[in-house]
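Scroll down for the structure; my scribbles are underneath it.
Residue numbers (this note's numbering), protein chains in the order written: chain A, 1 to 113; chain P, 1001 to 1116.
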């Protein structure tokens, strides 16, 4: 059974730091991996989607990598800002239909000014 | 603006009542999904629909029902049979590219249901 783990559960950093959020999954047979951001009481915002054939994706200050063989993905945030404070969730898709997404429980990030 | 609209944002229900959560999207996406989010747990899939007039049960469908009469709309009814309905409910959609689901999910802002 596929399991997705995000460590740490919470992270606090000062503004300006570069940081890495981790996501691990137990079965490498995934279709894609998606990183989301969730603000308190809000829905999820898609940040980056990495297909299983890709190694990384970049958007602005965000870079996500995928290593299927080791069952790991990292989300790198450069020059963190207080506005980056949120919960970051990763989810692996087991099929193309998007009907078998397994979510991690998230890492709650707090960036202080 | 294109997006997914969920309503109401907050809803209170007495035990034994059915309630319906609305989800409307103007993204022209074929697939729509309902998820439930509880504190300390990952999101769990309730129902999904790949095309109009067709829907399938997800991992935790018991006590819920849906309909998909229009491409834009995918309402979720929480019935009195749902034993623990208090939760945050999220609707999502995804698009197809040349007939294949791209796999990227877009979410609404969520509806928080509290049973009194």
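Yeah, the Cβ is synthetic: ideal placement off N, Cα and C, and Gly gets one too.
Could you tell me which of P/1040, P/1026, P/1044 sits nearest to residue 1034 of chain P, measuring between CA atoms? P/1044
Given this structure, state the Cα-to-Cα distance separating residue 107 of chain A from residue 8 of chain A, to the nearest angstrom. 6 Å
Looking at residue 36 of chain A: is its Cβ nearer than 8 Å to the Cβ of residue 91 of chain A? Yes; because the gap between Cβ atoms is below 8 Å, this pair is in contact.
Residue 1059 of chain P (DSSP reduced to helix, strand or coil): coil
Which value, in whole angstroms, describes the spacing of the CA atoms of residue 1073 of chain P and residue 1093 of chain P? 10 Å
Can you give me the C-alpha to C-alpha distance between residue 20 of chain A and residue 1007 of chain P, rounded to a whole angstrom? 35 Å
Tell me the DSSP secondary structure of residue 82 of chain A in three-state form. helix
What separation, rounded to the nearest whole angstrom, lies between the Cα atoms of residue 1079 of chain P and residue 5 of chain A? 32 Å
Does the Cβ of residue 1051 of chain P have 16 or more other Cβ atoms within 10 Å, making it buried, or fewer, making it exposed? exposed
Can you check whether the CB of residue 1103 of chain P is closer than 8 Å to the CB of residue 49 of chain A? yes
Taking residue 37 of chain A as part of the beta strand (DSSP E), name the residues at either end of that continuous run. 32 to 38
Out of P/1017, P/1038, P/1047, state which residue places its alpha-carbon closest to the alpha-carbon of residue 1068 of chain P. P/1047
Residue range of the beta strand (DSSP E) that includes residue 1013 of chain P: 1010 to 1013
Just mark residue 1085 of chain P as buried or exposed, buried being the case when its beta carbon has 16 or more other beta carbons within 10 Å. It is buried - the Cβ of residue 1085 of chain P has at least 16 other Cβ atoms within 10 Å.
Distance cutoff 8 Å, beta carbons only. Does residue 1031 of chain P sit that close to anything in chain A? yes
Whole-number beta carbon distance between residue 100 of chain A and residue 94 of chain A, since they are thought to touch under 8 Å: Between residue 100 of chain A and residue 94 of chain A the Cβ distance is about 4 Å, and since that is below 8 Å, they are a contact.
Can you confirm whether residue 1104 of chain P, when its beta carbon is compared against all beta carbons of chain A, has any partner nearer than 8 Å? yes
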